[in-house]
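Residue numbers for the sequence shown follow our numbering, beginning at 5 and rising by one. Written below as structure tokens is the structure these notes are about.
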Amino acid sequence: MESSSAVVIGSECRLRNASIFPTAARPKETPPLTDPALTVERVLTDDLSEWLTRELRFPVLAVLTGDGSPNQSVMWFDLDSAHPDTILMNTKVGRAKERFLRNDPRVSLCFEDELTWVALQGRVELDDDRERSMADIMALARRYGSSGDEFAGQERTTILMRVEKVIRHD
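Structural data, given as structure tokens:
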């Protein structure tokens, strides 16, 4: 029996069989999955922005590895006040997710609250400005109740996710 796996790439879910598709190959396009319980929105609405920030949430960031398989990380986040459809995150330079994001900027960020969940899909830009990245991680640390002392002296990069699609299940 051959095993299959699902790969989420951008706004699509694709199936592939590892023994059929070489690592570098991309599977054929498949139509997007439809579910009457899902609502698709194009931008972060005021109501959704309020829901995302009303309490501390720890979303899961999904990125694509070099072979196309997903890599997930629990993240601290905030909305980028200068850009209403942008999520701000931060990571240490040299981490796997940073390398993967430099290779492929497509991401998904999933939030949950019991029976409600929201998945944001989009692309990221990495801002390597050391001063900004340290200011961003310190602001995130304060938001999440930390002094941020553990980040002193680290080389950081800011992750700016431009939200292209919102999938919501209430």
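Don't be surprised by glycine CBs; every beta carbon is placed ideally from N, CA and C.
Of the residues the options, the one placed nearest residue i, counting alpha carbons only
i      : options                           : result
Asp133 : Ala145, Thr162, Gly157 and Leu113 : Thr162
Val78  : Leu65, Ala139 and Trp121          : Leu65
Arg61  : Asp117, Met138 and Asn94          : Asp117
Ala123 : Val167, Asp50, Glu54 and Arg58    : Val167
Met165 : Gly98, Gln125 and Arg147          : Gln125
Glu129 : Ala86, Leu56 and Val111           : Val111
Arg160 : Phe115, Gly98, Trp121 and Ala145  : Gly98
Glu135 : Arg172, Phe155, Arg147 and Arg127 : Phe155
Arg127 : Glu54, Arg146 and Thr90           : Thr90
Arg147 : Pro63, Glu59 and Phe115           : Glu59
Sub-8 Å separation of residue i and residue j beta-carbons
i      : j      : result
Val170 : Leu83  : no
Leu48  : Pro88  : yes
Gly152 : Met142 : yes
Asn107 : Gly72  : no
Asn94  : Ser137 : yes
CB-CB length for residue i against residue j, believed under 8 Å
i     : j     : result
Phe81 : Leu92 : 7 Å
Lys96 : Val67 : At roughly 15 Å, the Cβ-Cβ gap does not stay under 8 Å, so Lys96 and Val67 are not in contact.
Residue i burial status per 10 Å Cβ neighbour count (16 or more: buried)
i      : result
Leu113 : buried
Leu119 : exposed
Asp174 : exposed
Asp50  : exposed
Trp121 : exposed
Gly157 : exposed
Leu144 : buried
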